[in-house]
């Protein structure tokens, strides 16, 4: 079962941090790790956020939370587009 990344981000955006965190922490794909990091940035737990960014092999971006949210939505869109164009989906 794959993580519903859009649902998790929507929950976070609407102030349901606990529910978003509960869902995303069950998954180990890179995008879930990035969202997990974002959630800890919202929480203000920067050391934990850096840990989750590091799990993907990247530094914590030097952007604000709104920009990071938009970046994550763009990544989800790119993944969906790439998946829909893969030979396995045709």
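Residue numbers (this note's numbering): 818 to 907.
Even glycine gets a Cβ: it sits at the ideal position worked out from N, Cα and C.
Inset, instruction - Just list the alpha helix (DSSP H) runs in the stretch 839-866, keeping only unbroken ones of 4 residues or longer that don't cross its boundaries, in chain order. - result: Within the stretch 839-866, the complete alpha helix (DSSP H) segments of 4 residues or longer fall at 847-860, listed in chain order.
Legend entry - Close Cβ partners of residue 885 (< 6 Å) along its chain, the five nearest in sequence each way excluded: 855
Inset, instruction - Out of 858, 894 and 872, point me to the one whose CA is closest to residue 880's CA. - result: 858
Legend entry - Minimum C-alpha distance to residue 844 - residue among 835, 865, 819 and 837: With distances taken between Cα atoms, residue 844 lies closest to 819.
Inset, instruction - Taking 8 Å as the cut-off, decide whether the C-beta atoms of residue 852 and residue 889 are in contact. - result: yes
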